[in-house]
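Here's the structure, in structure tokens; my notes come after.
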Amino acid sequence: MAKPEDAHTSRPRGRRSGTDSSATSREEIIEAAKREFAEHGYDGTTIRSIAARAGCNSKLVHYYFGTKDHLFTTAIKETSQAHHFMTRLLNASNDSQDFGAQFLTLLLSAVEDEEFGPPYLALIRDIGTNNNVRDLFLEFIETEMLPAIADSIHTDHFERRLGLVCSQILGIVITRYVIKLPAITEQSIEQIAAMAGPTLDRYLFAPLD
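Read in order, the letters of the sequence shown correspond to residues 43 to 251 in our numbering.
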């Protein structure tokens with residue numbers, strides 16, 4: 043039974059509200075966390091609000107995940123795994139002639155997916171104002187994306203090249219989904235991929251000198 047101090051009346055509660063918190067599964071907590079982060083951002087989300095939404099005691103959230111940071115990164119990683127994002131990315135990397143366009147199509151389609159996108163957009167929205175969120179983003183890039191891509195894309199100066207790729211991708215994501223610049227939002231995913239994809243290919247494969 044959730045303690046009184048765990049109540050958070052300003053947020054919607056999960057379907058197990060009022061039940062034994064031990065019945066709440068780890069997966070339900072992750073789903074509640076994804077919705078909270080998507081709606082309120084990293085700073086606006088608390089362990090208590092996640093517990094309230096999942097219908098459990100906040101101690102159960104701490105038991106499974108320890109800290110909000112760990113829960114946040116777990117939610118992102120498991121969402122990526124559930125949608126086979128890295129597998130699809132690596133399949134795209136097999137065709138270096140068209141990698142940029144394929145990558146952008148995959149990424150933007152994922153961001154616009156109702157299940158996959160919200161946790162990532164929550165991360166992007168807070169990345170410029172919260173050092174902790176920035177560190178979490180860098181951790182995800184360095185531990186999840188870099189090793190997988192490095193094993194599949196054989197090119198020199200890999201980290202320099204990937205830094206350029208990230209700068210292009212973040213610019214597109216921020217202008218399309220955060221700032222919502224009309225010149226970008228009015229384009230289809232395929233149009234953006236066709237226009238910006240060759241730039242990513244140059245960053246990855248063309249001579250840097």
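Glycine residues also receive a C-beta, built at the ideal position from the N, C-alpha and C atoms.
Short of 8 Å in beta carbon distance, which residues of its chain neighbour residue i, apart from the five on each side in sequence? Order them along the chain.
i	result
S209	none
H104	I89
H125	A152, D155, E157 and F158
K119	F182 and E186
T115	L178, E181 and F182
Taking the C-alpha atoms as reference points, what is the distance between residue i and residue j?
i	j	result
L223	E157	24 Å
I252	T129	Examination of residue 252 is not possible in this model, given that the chain is present from 43 through 251 alone.
Q123	T88	24 Å
E78	L250	42 Å
K110	I71	12 Å
H82	L163	11 Å
L148	R218	15 Å
F107	V220	29 Å
I234	R244	16 Å
H196	E181	22 Å
H50	I226	Note that H50 has pLDDT 42, beneath the 50 cutoff, so the model's placement of it is unreliable and the number below is only indicative. In a straight line, the C-alpha of H50 is about 38 Å away from that of I226.
A248	D198	10 Å
S91	S67	16 Å
Skipping 5 residues on each side, what residues in its chain have a beta carbon closer than 6 Å to that of residue i?
i	result
K76	A117 and P161
L150	I231
L113	A75 and F107
K101	none
Within its chain, find whatever has a CB closer than 7 Å to the CB of residue i; leave out the 5 residues flanking it on each side and keep chain order.
i	result
V215	V153 and I166
N172	Y84 and D85
I169	V175, R176 and F179
A236	A143
L206	Y245
E69	none
E228	none
R203	T197, Y245 and L246
With DSSP collapsed to three states, give me the class of residue i.
i	result
F158	coil
G86	coil
S52	Low confidence applies here, because S52 scores a pLDDT of 41, under 50, leaving its location unreliable; read the following figure in that light. Note: S52 maps to coil in three-state DSSP.
S194	helix
I169	coil
K222	coil
G239	helix
L188	helix
T116	helix
C208	helix
T66	coil
Q229	coil
F141	helix
Judging by CA-CA distance, which residue of the options is the nearest neighbour of residue i?
i	options	result
L188	E201, E120 and H112	E201
A238	A248, I211 and T115	I211
D140	Y245, A248 and P240	P240
T121	E186, R203 and D198	E186
List the whole-angstrom C-beta distance separating residue i from residue j, where the pair is believed to meet the contact cut-off of C-beta under 8 Å.
i	j	result
A80	A96	Rounded, the Cβ-Cβ distance is 15 Å, inconsistent with contact.
Using beta carbons (cut-off 7 Å, strictly below), is residue i in contact with chain B?
i	result
C208	Given the protein chain composition of this structure (a single chain), no chain B is represented.
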